[in-house]
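Q:
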Amino acid sequence: MSAAGRVVTGFSKPYVAEYAANAGTVTYSNPELLARGVEVTLSPESSEDNNFYADNVIAESASGIFTGGTVSLTVDGLFTATKKKIFGLGNPDAEGWTAYKAGDSVPYVAVGYIARYMSDGVTTYVPTVLARVKFSLPEESASTQEDEIDWQTTELTATLFRDETADQNWKFEGSAFTTEALAEQALLTKLGYVAPITT
369 MSAAGRVVTG
379 FSKPYVAEYA
389 ANAGTVTYSN
399 PELLARGVEV
409 TLSPESSEDN
419 NFYADNVIAE
429 SASGIFTGGT
439 VSLTVDGLFT
449 ATKKKIFGLG
459 NPDAEGWTAY
469 KAGDSVPYVA
479 VGYIARYMSD
489 GVTTYVPTVL
499 ARVKFSLPEE
509 SASTQEDEID
519 WQTTELTATL
529 FRDETADQNW
539 KFEGSAFTTE
549 ALAEQALLTK
559 LGYVAPITT
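Counting along the sequence shown from 1, when you hit position 19 you're at 387 in this note's numbering, and nothing is skipped either side.
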């Protein structure tokens, strides 16, 4: 008899892609690695069940629906180009300085990543896409080095939204793949990656 479940053993390949919606159709484009993944935590929120009582008991019940939530992504650190993509920053000036402005408009993006699982000794990789998120500016800190390097990571927080399709999706979970490379390929395809044309 096979195992009844699977246990998470890893997290990798956090990607971010541009999000666009037009007349109920959502598209993703230009996916790129966010950074090197350390940890991800999803905290979805739902409305309460709506119960109807009759004869002194619950006779009917409408289940609560997804209303939002947050995702926390811990990564090694962000390059400036990635910060521009997820925080809506402008281009650097002639001297290379990137300004963080009060009027910066943080865009909606899609986030994807791969979770590694083990069940009955078999490892699989499952791609996940969060359909529509908006990042908040993270806290920043840096500590001096002492006798050993204190590896300092960046924790990103983003708000989860339903997408703008009729189904109002907020998350997609892919099939289980036998290798990380296959899962990454599926993830990139979902996020709108178009392979360059070679001649």
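Just so you know, even glycine gets a beta-carbon here, dropped at the ideal spot from N, CA and C.
All of these numbers come straight from a predicted model, not from anything done at the bench.
1) Is residue 569 helix, strand or coil by DSSP?
2) Taking DSSP as the reference, what is the three-state secondary structure of residue 540?
3) Are there 16 or more other CB atoms within 10 angstroms of the CB of residue 443, so buried, or fewer, so exposed?
4) In chain order, what residues of the same chain have a beta carbon less than 6 Å from the beta carbon of residue 380, not counting five sequence neighbours either side?
5) Could you tell me whether the region 455–474 touches the region 512–521, using the rule of 3 or more Cβ pairs below 8 Å?
6) Could you work out which residue in 486, 426, 454 is closest to residue 502 when comparing CA atoms only?
7) Which residues in the same chain have their Cβ closer than 7 Å to the Cβ of residue 536, if we skip the five residues on either side of it in sequence?
8) Answer with buried or exposed for residue 523, where buried requires no fewer than 16 other C-beta atoms within 10 angstroms of its C-beta.
9) Assuming residue 487 and residue 373 form a contact by the criterion Cβ under 8 Å, report the distance between their Cβ atoms to the nearest whole angstrom.
A: Here's the rundown:
1) The structure shown does not extend to residue 569, since the chain is modelled only from 369 through 567, so no value can be given for it.
2) strand
3) buried
4) Its chain contains 405, 482 as the residues whose beta carbon lies nearer than 6 Å to that of residue 380, once the 5 sequence neighbours on both sides are disregarded; these appear in chain order.
5) no
6) 454
7) 530
8) exposed
9) Between residue 487 and residue 373, the beta carbon gap of about 7 Å places them in contact (Cβ cut-off 8 Å).
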